[in-house]
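Enquirer: Under the numbering used here, think of the first position of the sequence shown as 12, with each following residue one higher.
Every residue, glycine too, gets a C-beta built ideally from N, C-alpha and C.
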Amino acid sequence: MKLYKSLFFTAFLSLSVSVSISAQDAMQTPREDAPIDLEGYWTTVITEDWRWRMVTPPAGDFASLPLNEEGIRVGNQWNAESDEGTCRPYGAANLLRMPVRINISWEDENTIRLESDHGMQTRYFHFDSDESMNDAPSWQGFSTAEWEGEALKVVTRNLRAGYIRRNGAPYSDNAVVTEYFRRHTTYGDDWITVMVIVDDPQYLTEPYFTSSSFKRMTDSSEWNPTPCEDR
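Okay, structure coming up:
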């Protein structure tokens, strides 16, 4: 009987410790639970699609974009002079394709903040999925976040219509943007690679995939805030 009680107590104690550890893990905030550290200043390194990302391409240059007939029709209405300097290319669906520097930090224990210098856009990635989307559509929309393996997954809705290329190639206010942020080290340098998927049946024949890379900056000395025009 004493042996039985001893074994029962040992099993109960082990179970209690296991439950306690599980409860402790469950109580961790997204910041505490982060598998990767994305904080800091990062600069985009453009090694592909230079002619579309570094400069404004000519009207109608929609090569490699899966635009449908309506998307092409809307894109062809773009006017370079009247559209110069607007924020439309800096929406969430295209912001990280622009030649920008970004600053990533924790706004609080449940929210990541991402700022860009060019365009001066600010995004918030909410791990608290109970947040509402009752606000008016905006360039950066409403983003929910979760850790998925070693990556940060972000899904953005409630967007204001903008461009997936700065020459007027459109995405609609019904677009959904899914992003995966991954951090890695290459040749001793810290990098973030972001895969972006734009799903917009209104203007696209299929989801539009891109991948952009950002290299860690040693400090903020090159940070150069430049506003776009909200029109």
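What does Ala180 pair with, by DSSP beta-bridge criteria?
Expert: Here residue 180 corresponds to residue number 169 of the sequence shown, with the count starting at 1. Beta-bridge pairing links Ala180 to Arg176.
Enquirer: Let's see if you can read the secondary structure: which residues bound the alpha helix (DSSP H) around Ala91?
Expert: In the sequence shown, the residue the question calls residue 91 occupies position 80. Ala91 to Asp94 is the extent of the alpha helix (DSSP H) around Ala91.
Enquirer: In angstroms, rounded to a whole number, what distance separates the CA positions of Gln88 and Gln39?
Expert: One-based indexing of the sequence shown puts residue 88 at position 77. One-based indexing of the sequence shown puts residue 39 at position 28. If I take the Cα positions, the gap works out to 50 Å.
Enquirer: If you reduce the DSSP assignment to three classes, tell me which class Val187 lands in.
Expert: If you number the sequence shown from 1, residue 187 lands on position 176. In this structure, Val187 counts as strand in the three-state DSSP scheme.
Enquirer: Using a threshold of 8 Å, state whether the C-beta atoms of Pro100 and Tyr174 are closer than that.
Expert: As a first step, residue 100 must be located in the sequence shown, where it is residue number 89. As a first step, residue 174 must be located in the sequence shown, where it is residue number 163. Yes, the pair counts as a contact, with Cβ atoms nearer than the cut-off.
Enquirer: By DSSP, does Arg171 sit in helix, in strand, or in coil?
Expert: Taking the first residue of the sequence shown as 1, we reach residue 171 at position 160. Reduced to three states, the DSSP call for Arg171 is coil.
Enquirer: Rounded to a whole number of angstroms, what is the C-alpha to C-alpha distance between Thr221 and Thr58?
Expert: In the sequence shown, residue 221 corresponds to position 210, counting from 1. In the sequence shown, residue 58 corresponds to position 47, counting from 1. Thr221 and Thr58: Cα-Cα distance of roughly 13 Å.
Enquirer: Is Leu107 helix, strand or coil by DSSP?
Expert: In the sequence shown, counting from the first residue as 1, residue 107 sits at position 96. Note: Leu107 maps to helix in three-state DSSP.
Enquirer: Can you pull the DSSP bridge partners for Ala162?
Expert: As a first step, residue 162 is located in the sequence shown; it is residue number 151 there, counting from the start. Paired residues: Glu159.
Enquirer: For Ser29, count neighbouring Cβ atoms within 10 angstroms of its own Cβ and tell me buried if that reaches 16, exposed if not.
Expert: Position 18 of the sequence shown, counting from 1, holds the residue named residue 29. Model confidence at Ser29 stands at a pLDDT of 47, short of 50, so the residue's coordinates are unreliable; what they give is reported in the following sentence. Ser29 should be labelled exposed.
Enquirer: So, at 8 Å on beta carbons, what are the nonlocal neighbours of Asp94 in its own chain, with the 5 sequence-adjacent residues on each side left out?
Expert: Taking the sequence shown and counting its residues from 1, one reaches residue 94 at position 83. Around Asp94: Gly179.
Enquirer: Can you list the alpha helix (DSSP H) stretches of 4 or more residues lying completely in the stretch 53-83, in chain order?
Expert: Qualifying alpha helix (DSSP H) stretches, in chain order: 61-64.
Enquirer: Going by the DSSP bridge assignment, what does Asp119 pair with across the sheet?
Expert: Taking the first residue of the sequence shown as 1, we reach residue 119 at position 108. In the DSSP output, where bridge partners are listed per residue, Asp119 has Thr122.
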